[in-house]
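140 is the number of the first residue of the sequence shown in this note's numbering; add one for each residue after it.
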Amino acid sequence: MTMLDHYSTSTLLRNLLDVFLVFIIFYGLLKLLQRTRSLPVLVGMVVFVVLYWLATVQELTTLEFVLRSALPYIGIAIIVLFQSEIRQALVYFGNRLRLPEIRKERKLMGESVYDEIVLAVMTLATSRIGALIVIERSISLHNVAESGVRLDARISYDLLVTIFNPSTPLHDGAVIIRNEKISAASVFLPLTKNPEISRELGTRHRAAIGITEDTDAVVIVVSEETGIISFAESGQIRRNLDAATLRVLLLRSVGKSIDIEKENARLKSVKDTEIPVS
């Protein structure tokens, strides 16, 4: 292989890598913007750029002057309009660019812990007691937990049900679970600003969606009005869940492959006094 051939090959590989990285970045941004209010704003900015290019090429001096005068304010407008999305994008890419060994630092909870959570959630739903349970994954929720009361207590059915009992001082707010422990209770969560969210969803559901937009946490919501159980992940929410589906979603969120039909069969074999099925 000549030096020219080697140069051409290395240049081709570098160009392919360049294109691939640009594709990944734009794909991630579009996926992120797809569920936010900022996509129409992004389209408007693209139209602005196209108009500026046409004005320059076609020598439309008046239009070019107006658009050029507006350019210094574009940077400020981007920061103001996209501040939430910029934060989400940094979290999104930062989480995915972590080395595998760093991602595995978090201790995975055992299935028995998820059983305790599911049992508590079903009890709360049956009694129509509102609940908001946030389960931390690879992105730390330390700063969010600071708004609540620190517990650092082992997860149990009794403790979860007690915390959300309306007569207790910690029932108002979210519980944060980290490494098989209830890290904090009565935690304030940021609400989603997505205008496409249904008006039927209350503050708990909006808080659940909001925290999953900013982090990779998963959230369980129990409606105190209807007793309906919901599961939020990556800014999306699933509603009207039963015990089997909830447990499957929880286990899948940590990478375990669980079949919903097998889970239904397993729960049917368990006594109602152990894990009630809605």
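Using N, Cα and C, we set each Cβ at its ideal position, and we do this for glycine too.
Strand pairing of residue i, partner residues [DSSP]
i, result
"Leu271", "Val360"
"Val288", "Ala324"
"Arg293", "Lys320"
Contacting residues, own chain, Cβ-Cβ under 7 angstroms from residue i (five flanking each side not counted)
i, result
"Tyr296", "Glu255, Leu258 and Ala259"
"Ser417", "Unreliable positioning characterises Ser417 in this predicted model, as indicated by a pLDDT of 37, which lies under 50. The coordinate reading is nonetheless provided below. Closer than 7 angstroms at the Cβ level, and outside the excluded window around Ser417, lie Met261, Ala264, Asp381 and Ala382."
"Ser286", "Val326 and Phe327"
"Glu113", "There is no way to answer for residue 113, as the model of the chain reaches only from 140 to 417."
"Gly366", "Ala264, Thr265 and Arg267"
8 angstroms contact criterion, which residue i and residue j should meet: CB distance rounded
i, j, result
"Val273", "Ile321", "Actually they do not touch by this definition, with Cβ atoms about 10 angstroms apart."
"Gly269", "Arg343", "6 angstroms"
"Leu385", "Ile368", "6 angstroms"
"Val360", "Leu271", "6 angstroms"
"His309", "Val288", "The question names His, yet the displayed sequence has Leu at residue 309. The Cβ separation is near 6 angstroms, so the contact holds."
"Ala324", "Ile302", "5 angstroms"
Enclosing alpha helix (DSSP H) for residue i [first to last residue]
i, result
"Val257", "Glu250 to Thr265"
"Val283", "His281 to Ala284"
Cut-off 6 angstroms between Cβ atoms - residues of its own chain near residue i, not counting five sequence neighbours on either side
i, result
"Tyr191", "Leu206"
"Leu388", "Phe370"
"Leu202", "Ala194"
"Leu330", "Arg345, Ala346 and Gly349"
"Val357", "Ile274, Glu372 and Ser392"
"Val300", "Ala259 and Thr262"
"Val158", "none"
Segment limits, beta strand (DSSP E) that includes residue i
i, result
"Asp297", "No beta strand (DSSP E) holds Asp297; the alpha helix (DSSP H) holding it covers Tyr296 to Ile302."
"Ile321", "Lys320 to Val326"
"Val314", "Ala313 to Arg317"
Chain D within 8 angstroms of residue i, Cβ atoms only
i, result
"Leu380", "Given the protein chain composition of this structure (a single chain), no chain D is represented."
Own chain partners of residue i with C-beta closer than 8 angstroms, once the 5 adjacent residues on each side are dropped
i, result
"Arg293", "Glu319, Lys320 and Ile321"
"Leu298", "Ala292 and Ile321"
"Leu238", "Caution is warranted here: a pLDDT of 46 is assigned to Leu238, below 50, making its placement in the model unreliable, and the coordinate value is therefore given only provisionally. None."
"Leu199", "Leu193"
Check your understanding: Going along the chain, which unbroken runs of the beta strand (DSSP E) with 3 or more residues stay wholly within the segment 334–387?
Key -> Correct list: 357–361, 368–372 and 375–377.
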